[in-house]
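Down below is the structure, laid out as structure tokens.
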Amino acid sequence: MSYPYQIKTLEDYKKDYNKSISDPESFWTPIAETFTWRKKWDKVLDWNFKDPKISWFSGGKLNITENCIDRHLEKNSNTPAIIWESNDPEEHHRVLTYKELHFKVVQFANVLRNNGAKKGDRICIYMGMIPELAIATLACARIGAIHSVIFGGFSAQAIADRLDDAKAEFIITCDGAFRGTKDIPLKSVIDDALVGNHTVKKVIVCTRTRTPVSMIKGRDVWWEDEIKKVETHGNPDLPAEEMDAEDMLFILYTSGSTGKPKGVVHTTAGYMIWTNYTFVNVFQYQPGQVHFCTADIGWITGHSYIIYGPLSAGATALMFEGLPTSPDAGRFWDIVEKYKVNILYTAPTAIRSLMAYGNDYINGKDLSSLKVLGSVGEPINEEAWNWYNVNIGKEKCPIVDTWWQTETGGVMISNLANVTPAKPSFATLPLPGILPCLMDENGSEIEGNNVNGNLCIKMPWPGIIRTTYGDHERCKQTYFSAYENKYFTGDGCMRDSEGNYRITGRVDDVLNVSGHRIGTAEVENAINMHAGVIESAVVGYPHDIKGQAIYAYVIYDGSHGDSNLSKQDIIQTVSRIIGPIAKPDKIQFVPGLPKTRSGKIMRRILRKIAEGDVTNLGDTSTLIDPALIELILEGKL
Ligand code: WT7
28 MSYPYQIKTL EDYKKDYNKS ISDPESFWTP IAETFTWRKK WDKVLDWNFK
78 DPKISWFSGG KLNITENCID RHLEKNSNTP AIIWESNDPE EHHRVLTYKE
128 LHFKVVQFAN VLRNNGAKKG DRICIYMGMI PELAIATLAC ARIGAIHSVI
178 FGGFSAQAIA DRLDDAKAEF IITCDGAFRG TKDIPLKSVI DDALVGNHTV
228 KKVIVCTRTR TPVSMIKGRD VWWEDEIKKV ETHGNPDLPA EEMDAEDMLF
278 ILYTSGSTGK PKGVVHTTAG YMIWTNYTFV NVFQYQPGQV HFCTADIGWI
328 TGHSYIIYGP LSAGATALMF EGLPTSPDAG RFWDIVEKYK VNILYTAPTA
378 IRSLMAYGND YINGKDLSSL KVLGSVGEPI NEEAWNWYNV NIGKEKCPIV
428 DTWWQTETGG VMISNLANVT PAKPSFATLP LPGILPCLMD ENGSEIEGNN
478 VNGNLCIKMP WPGIIRTTYG DHERCKQTYF SAYENKYFTG DGCMRDSEGN
528 YRITGRVDDV LNVSGHRIGT AEVENAINMH AGVIESAVVG YPHDIKGQAI
578 YAYVIYDGSH GDSNLSKQDI IQTVSRIIGP IAKPDKIQFV PGLPKTRSGK
628 IMRRILRKIA EGDVTNLGDT STLIDPALIE LILEGKL
């Protein structure tokens, strides 16, 4: 594959950037033309942010899997598409070439069809990081079904809510998943999620851990048995479903400032082009290189930079089942050495945790294959940046600090490896197609440099969110109403004297814990479900490894005895309702919550107390009961 749109120099970047903003239609046309279409589009871009209504390449017909797989078969059928490394370093790795991936995706697409799945159906995928997860995802796209991948760390209740919201008809899961020394019983979680469900017709279960599972007659089938059925009937070549450019490709649930996660919807052509374009340009991918993105496919990073971006570019993506610290903190470096990884894309939280283990786990490992390092998910602090640069990149690899979101589909602001300059703790410059702006509290744009504001985007890019599933109004309210005619990111941001952007963190009630997005309202709802809890308020506080950790202030009816035990019970409740990723790190029982006369909890004060910054709590005169603050301070953890 060659990428005629790969930016090679700073001058090219400037030229492309300017063109993409002044004339997006003629900028994106030649790029889109390099893809495989069944029918060419009628119009490149149609949009308004008022409704919002955004369509890219409307009238165009295609299937994303033909772009991610079939189009590579002629010249690169034996190129590895996916290299898979097991949780267990002793277990043999697997390689799927583009030819093999094609075979397996077509085969599983047949399984889906045989089980009654068709275009437009919602299919929930709840699997561990095995190649079958990528195969299942692509097989959905092949038949035009809408996938909704749910991260393996979510609980049965969280899955039930998502199944219900998407009215999912099918589930693809595993018996279990390996994570370090643990074996997570995925199918059993699904069984719990299905109690009371009325939409799911079939559950396809892939074997991984061979944990005992219950298979319900008529509903549950084994992946392997279904594959055998396809094999005995021959593996009919399943022509990919013809999709409209704006047909839904997937739903991915993400947290916001309200209690209920929303289903972010991405569509076919725009998302494909955006993930491909950003992959090729940010990482400066060269054919033959091995790209290792350490994210789970249950998050947008895995969707965009393990599956769709790399595969649409004919790249080799490395997929890793395990944890960075298992069996020891040298796991990533062993993998880099073993597969001669060229691009490593990971999260600051992983970098900080490996940094804490010291350099013994790096010494003696051959990391000389590395060419580009990437960071994603949260701001990267300078200490972690420097450690990554010196110890992993040996000061020879550019670090791309990529800012983006589930809603943006792909990277929005980042330096381009070896093309545009890096600046530690800055995401730096917007990609072509991205027109950022900073807004003040009164809704006015803040012009000029060396300024701070709320980050918005002024025009659509191909990978922008199209709607929130089943509730377009919510999409409008959340992203397009805070500032007229702009997409609001929810992030605070500063722009330096050279126009570089530095993300300062969320300005809404959303936490970023180990790179995972968690809504405080969601955690509060979960805590409040616990018997004995009267009310709660959740805030974030800085944490050396996780970036942010969860602090919960809880008004608790103490008649239930031992308070430590009660805190454990509350943690268990959150684990049940959302999943272990949302467990509070600290719970403080308080006699009351600081409220204004209108009944609003003053989170600003609670945040300061949790952060340990108690010297200046700001104006507390509007509180109903200022004396409460003293009591809360006394009990601070
Ligand atoms: C939020 C989006 C993008 C995929 C992973 C997370 C924060 C993300 C950076 C970065 C500073 C970052 C933002 C954003 N974020 N990347 N490079 N520097 N902050 O996706 O779960 O949708 O979360 O993650 O706050 O809004 P997500």
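Heads up, the working numbering is the position in the sequence shown plus 27, with the first residue counted as 1. All C-beta atoms in this analysis are idealised placements derived from N, C-alpha and C, irrespective of residue type, glycine included. Keep in mind it's a predicted model, so treat the numbers as computed, not measured.
Mind checking whether residue i and residue j have CB atoms under 8 Å apart?
i	j	result
Y312	F319	no
I597	I554	yes
L213	Y153	yes
A454	W430	yes
I659	A609	no
R418	K398	Per the sequence shown, residue 418 should be read as Asn rather than Arg. Taking 8 Å as the Cβ cut-off, N418 and K398 do not qualify as a contacting pair.
G532	P375	no
M299	S339	yes
L456	N442	yes
T106	T343	yes
R189	I199	no
R624	T649	yes
K229	R246	yes
M156	D274	no
D192	K503	no
According to DSSP, which residues form a beta bridge with residue i?
i	result
E472	M466
K610	Looking at the DSSP assignment, K610 forms no beta bridge with any residue, so it has no partner.
H174	I150, F277
D518	R533
E562	I582
S339	None, per the DSSP bridge assignment.
L482	L465
Q575	P569
D498	Bridge partners of D498: none, in fact.
W430	I440
D361	According to DSSP, which records beta bridges pairwise, D361 is partnered with nothing at all.
Y528	T455, R522
G401	Y372, V427
From the DSSP output, in three-state form, read off residue i for me.
i	result
I243	coil
K421	coil
F616	strand
G546	strand
D523	coil
D252	helix
T305	helix
D210	strand
M299	helix
N142	coil
L371	strand
G329	helix
D188	helix
R121	strand
T164	helix
N224	coil
On a CA-only basis, which of the options is nearest residue i? Give me that one, please.
i	options	result
D202	G179, W412, W111	G179
M521	T649, R169, E474, F507	E474
G297	L89, T531, H543, K41	L89
K365	D652, H120, V617, P653	H120
P124	G341, K503, S541, D219	First, the residue type needs correcting, since residue 124 is Thr and not Pro in the sequence shown. Of G341, K503, S541, D219, the residue nearest in Cα terms is G341.
I614	K131, I636, R624	I636
G480	F515, Y580, E112	F515
D361	M486, D115, S47	D115
Y583	C233, I577, N591	N591
T505	G526, P569, C233, F76	F76
V438	N469, N303, I91	N303
V132	A267, T236, D43, K46	A267
R98	R603, H129, D323, I173	H129
V291	I333, N94, T435, R237	T435
M134	V363, I491, Y335, P263	For clarity, residue 134 is Gln in the given sequence; the question names Met instead. Selected option, being the one with the closest Cα: P263.
F359	G336, I333, L394, P337	L394
P463	P31, I48, F62, Y384	I48
D210	T238, R501, V232	T238
A356	Y335, N386, P337	N386
T234	H225, M242, W249	W249
H543	V257, G404, N390, M28	G404
E52	W326, V534, P487	P487
E253	D218, N137, D69, T281	N137
Starting from the N-terminal side, write out each stretch of the beta strand (DSSP E) that is 3 residues or longer and does not extend beyond the region 64-117. Runs found: 70-75, 80-85, 107-112.
Could you give the uninterrupted runs of the alpha helix (DSSP H) lying entirely in the region 624-648, keeping only those of 4 residues or more? List check, alpha helix (DSSP H) in window: 630-638.
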